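To start, the structure itself, in structure tokens.
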Amino acid sequence: MTKTKQGWRRRLGGGALIAASALAIALTGCSQGEEAPAGSNKETSAPTPQNGNAGANEPETRGKLTATVYDRNNIPPEEGDWSENRWTKWINENGPVDVEYVPVPRWESLQKLNMLFASKTAPDLILEYDTSYRNQWYAQKLLQPIDDMVEQYSTTYKALMEQFPQLRKLGTKDDGKLYEIGRLSPLAANHQLFIRQDWLDELKLSAPTTAEELLETAKAFAQKDPDGNGSPDTFGLNLSGNGFSILSHMFGFGEVMWRFEGDAFVHEWERIHASVAFQKELFDAGVVDKDFLADKNGEKAKQDFLTGKLGIYLHQPLNANDYDTFKQNNPQGELAILPLPSSSFGQFSPVIGSPIQMVAAVNASAKDTAAIMKYIDFMIEPDNARTIMNGFENEHWKPNAQGCPAPIDEEKQKIEVGYTGDLNMLSSQLLLGKCAFNENKPQDTDTSKALRDLLVAADEAYVSRERPIPTLKPEYLPVLPQNLSVIVKNVEQQIKDTWLKAIAGGGTYNADQALKDVQAIWEGAGGAPVDAFYADWYAANGDSAFTLEDLYAFGDEARKLYADK
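Just so we're aligned, residue 17 is where the sequence shown starts under the working numbering, counting upward by one.
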């Protein structure tokens, strides 16, 4: 048996991680059951275990907490805002505790939360996707261990950890204590490349399959008037938003700075250098927005795409609002998923979602941990998660042929439910069974069918052992000690800015000089011990570490056990 296979069996206990016997407990979210009147809460009332800690004859004091929620400026004005809308109201009316949401700008969450921590006004429950941010707060002792909170007050999440031990393993820090709440999802594409198929057809081009072909296609989209309006007003692709990450993945540089090389775990310099050199070629050729550095959150690139000025959009899954806007502006526009072209380092895929992902932590200053845990349990119950995601059965949706929620009135659902994704960060979508898998997404309207088809095509293109993501995901690396974490924190923005300077530096500054400079920055900051820490960790723990093979194997196993439930 190979080293990898031995590690897999040891880590997952011969299949115990995903136990078929556990499925029936959690799959109520996809059953059709008895239909309730439109808008009623019958099918979504809090399950009985939520109140299991109350005394038999004494009313339980209702707790309260504050919790972050990403602010993407996507709530329709008529729906309210994060201080109050139909779903914050529903959660407070139907949940076991009172919760006040603190909005945090999606692309500036670190700055905002650091400010809140500094002023001692950070919320009780911090929901944050970025592992490095959570690790920083842990290293600064801004988070509290939650072992006792889960043990004393949880029913649902505690049972989930027993069924999926990796939730505890990945949520535990180097002091041996549990700090983070996680979720389970099907293995699915995250970053995606949308290409204007109608532009390819107009210019009689094939979809690019190599980095060199991608450059030529981008030039054609920018220079050959693919929209036929007679003006040089189109771009080949975007570098802002997710652009830098996706193009770096094309050259084999992933979400972390270290990668496997044989039996070693090494700091990667060559591949990010090649990516920056390629992006500089795009910039110098005039096929990208010259002002991309000012587009801090990718909104300018998004508007270029929606208005029909962008040939290849490097982004994430589209929502119904964005797709409809694109079609309104470009009635003949046709989108296709572009597999990530190959480079001299091989062919890879962009970021895929983690099937086991830590998403939440508790402020060290939080007092009412019982309320926090009850809120978490309520939000991860499949019935509640399904309601927040899709709205009310018979008002917003009805079961489709697969028994999964399909919108009754797509426009109504976009307005009233389309902004709830970030409220559902705690939910384990895998527990919705087949309804969690993209092939079972609704396709009852032109928009829903188009979005479903794009999602399925993205999974086929990017969730592949033959075209793997190039590095481990950040959440599967060990937490750096505080002294090493400070080194990374102090230089990461400086290093990123140096690479970006090379892209936009014209003839005065290039990728070769940037490579020398970022290596000097890293060495000058004391980066060598960080590299040694990760190298030593992998040398000692390679057999038990959660590897890329484990990632894909978990996805396969989850599909086998859940996709038909």
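Think of the CB as a built atom: it goes at the ideal place given N, C-alpha and C, for glycine as much as any other residue.
Note that the structure is predicted; figures quoted are calculated from it, not measured.
For Pro371, the CB contacts under 8 Å within the same chain, skipping 5 residues up- and downstream, are Leu200, Ser201, Pro202, Leu203, Leu446, Leu567, Phe570, Gly571 and Ala574 in chain order. In the three-state DSSP reduction, Glu397 falls in the coil class, being neither helix nor strand. When the Cα atoms are used, Val85 and Tyr145 turn out to be separated by approximately 11 Å. Counting only unbroken stretches of 3 or more residues, the beta strand (DSSP E) elements lying wholly within the region 411–489 are 413–415 and 421–423, in sequence order. Taking a C-beta distance under 8 Å as the contact criterion, Glu426 and Ala336 qualify as a contact pair. Bounds of the alpha helix (DSSP H) holding Trp103 are Arg102 to Asn110. The region 211–229 makes contact with the region 331–350; the number of CB pairs closer than 8 Å reaches 3 or more. As the crow flies, the alpha-carbon of Tyr478 is around 14 Å from that of Thr225.
Out of Ile537, Ala541 and Gly270, the CA that lies nearest to the CA of Glu284 is found in Gly270.
With respect to the 8 Å criterion, Leu253 and Leu330 are classified as neighbours on the basis of their beta carbons. Residue nearest to Ser358 within the set Glu409, Asn206 and Ala223 is Ala223 (criterion: CA-CA distance). Annotation for Gly407: Trp413, Gln429, Glu432 and Val433 place their beta carbon closer than 7 Å to its own, counting only its chain and skipping 5 residues before and after. Where Gly540 is concerned, the enclosing alpha helix (DSSP H) starts and stops at Ala527 to Gly540. Unbroken beta strand (DSSP E) stretches of 3 residues or longer found wholly inside the region 166–200: 196–200, given in chain order. Annotated three-state conformation of Ser256 is coil, per DSSP. In the structure shown, Thr84 falls within a strand segment according to DSSP collapsed to helix, strand and coil. Spatial neighbours of Thr82 in its own chain (CB-CB distance under 8 Å, excluding positions within 5 residues in sequence) are listed in chain order as Val115, Glu116, Tyr117, Val118, Pro139, Asp140 and Leu141.
In this structure, DSSP gives Leu298 a helical state, which the three-state scheme calls helix.
Burial state of Gln182 is buried, judged by a 10 Å Cβ sphere holding 16 or more other Cβ atoms. Beta bridge pairing from DSSP links Ser359 with Gly362.
For Val534, same chain residues with a beta-carbon under 6 Å away, outside a window of 5 residues either side, are Ile511 and Thr514 in chain order.
In this structure, the CA atom of Tyr149 is about 7 Å from the CA atom of Leu126. Three or more beta-carbon pairs separated by less than 8 Å link the region 290–307 to the region 258–268, which places the two stretches in contact. Secondary structure note for Glu232: its alpha helix (DSSP H) is the uninterrupted segment Ala227 to Gln239. Annotation for Lys296: Ala518, Ile519, Asn526 and Ala527 place their beta carbon closer than 7 Å to its own, counting only its chain and skipping 5 residues before and after. Listed as beta-bridge partners of Met374 by DSSP are Gly198. Inclusion of Leu493 and Val272 in the CB contact set at 8 Å is warranted, their separation being smaller than that value. Take Ala452, set aside five residues on each side of it, and the residues of its chain with a beta-carbon closer than 6 Å to its own are Pro202, Gln445 and Leu446, in chain order.
Here the alpha carbon of Met131 sits roughly 43 Å from the alpha carbon of Thr233. Boundaries around Leu126 are those of the alpha helix (DSSP H), Ser125 to Ala134, since no beta strand (DSSP E) includes it. The residue from Tyr391, Phe321 and Met165 with its alpha-carbon nearest to that of Tyr339 is Phe321. When C-alpha distances from Arg78 are compared across Ile388, Leu496, Leu564 and Lys532, the shortest belongs to Ile388. Here the region 502–511 makes contact with the region 538–550; the two share three or more CB pairs at distances below 8 Å. Shown here, Glu409 sits in a strand according to DSSP, grouped into three states. DSSP places Asp114 within a strand segment (E or B) once states are collapsed to three. DSSP places Phe321 inside the alpha helix (DSSP H), whose first and last residues are Glu315 to Leu322.
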